[in-house]
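Each remark here refers to the structure printed beneath this line.
Residue numbers (the numbering used here): 975 to 1179.
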């Protein structure tokens, strides 16, 4: 069986899937594995609901050359934002589990979910979705969750198996934060904007 560990990144330019849903993509966590080949076949939607949030992990490709399957999911919630998870989805069967994700250099052990059967039938296959619904802890808001995802304080890892034609056949992918701007760049951009405004004012005069 082939496995991959992917990393989800904020999908800039794609916008929200609804008024309160944000889509993230995945990237290979460690270089040299099969995750880079199949990362684009998975996505993560984060949706606000009353007093909670839904994490929808989707295997977006109906027919794939590699046919990867999501086997287990782990959350690294260092700020303690989430609580009381519930599991649902289409044509998948997952349950809470213990331990860390395979091939991970992080813990991802605050919340762990794994397919309930040893074969592929319970995993997140082509065109299937796993929904993980959480309540928000204390005064936590949906904006807090998104800020934590973007900063890397909240990470979602996905262990992917059955990557056809790739050796080794196991790897792992995970969410990562937004790439920060280089130091001084915001001031430089602000200066360029101010210079352009001054030029327009002079022309208008």
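For every residue, glycine included, the Cβ atom is placed at its ideal position computed from N, Cα and C.
What separation, rounded to the nearest whole angstrom, lies between the Cα atoms of residue i and residue j?
{"i": "residue 1057", "j": "residue 1110", "result": "6 Å"}
{"i": "residue 1138", "j": "residue 1113", "result": "45 Å"}
{"i": "residue 1025", "j": "residue 1048", "result": "22 Å"}
{"i": "residue 1022", "j": "residue 1028", "result": "7 Å"}
{"i": "residue 1035", "j": "residue 1107", "result": "23 Å"}
{"i": "residue 1046", "j": "residue 1002", "result": "15 Å"}
{"i": "residue 1037", "j": "residue 1088", "result": "23 Å"}
{"i": "residue 1005", "j": "residue 1060", "result": "32 Å"}
{"i": "residue 1020", "j": "residue 1134", "result": "20 Å"}
{"i": "residue 996", "j": "residue 1115", "result": "14 Å"}
{"i": "residue 1081", "j": "residue 1094", "result": "25 Å"}
{"i": "residue 1018", "j": "residue 1030", "result": "6 Å"}
{"i": "residue 1136", "j": "residue 1098", "result": "11 Å"}
{"i": "residue 1180", "j": "residue 1065", "result": "Beyond the ends of the chain as shown, which are 975 and 1179, falls residue 1180; an answer cannot be given."}
{"i": "residue 1016", "j": "residue 1076", "result": "18 Å"}
{"i": "residue 988", "j": "residue 998", "result": "Unreliable positioning characterises residue 988 in this predicted model, as indicated by a pLDDT of 38, which lies under 50. The coordinate reading is nonetheless provided below. Roughly 9 Å separates the two Cα atoms."}
{"i": "residue 1132", "j": "residue 1105", "result": "13 Å"}
Report yes if the CB atom of residue i is closer than 8 Å to the CB atom of residue j, and no otherwise.
{"i": "residue 1103", "j": "residue 1096", "result": "no"}
{"i": "residue 1055", "j": "residue 1130", "result": "no"}
{"i": "residue 1041", "j": "residue 1083", "result": "no"}
{"i": "residue 1200", "j": "residue 1053", "result": "The question about residue 1200 has no answer, for the chain in this structure spans 975 to 1179."}
{"i": "residue 1085", "j": "residue 1051", "result": "yes"}
{"i": "residue 1145", "j": "residue 1007", "result": "yes"}
{"i": "residue 1009", "j": "residue 1147", "result": "yes"}
With a 10 Å radius around its C-beta and 16 neighbouring C-beta atoms as the bar for buried, classify residue i as buried or exposed.
{"i": "residue 1039", "result": "exposed"}
{"i": "residue 1067", "result": "exposed"}
{"i": "residue 1032", "result": "buried"}
{"i": "residue 1149", "result": "buried"}
{"i": "residue 1014", "result": "exposed"}
ask   = With contact counted as at least three CB pairs below 8 Å, one residue from each stretch, are the segment 1063–1076 and the segment 1112–1128 in contact?
value = no
Beta strand (DSSP E) runs contained entirely in the segment 1066–1144, provided each spans 3 or more residues = 1068–1070, 1085–1089, 1103–1110, 1128–1135
ask   = Enumerated in chain order, which unbroken segments of the alpha helix (DSSP H) with a length of 4 residues or greater are wholly contained in the segment 997–1057?
value = 1009–1012, all fully within the segment 997–1057.
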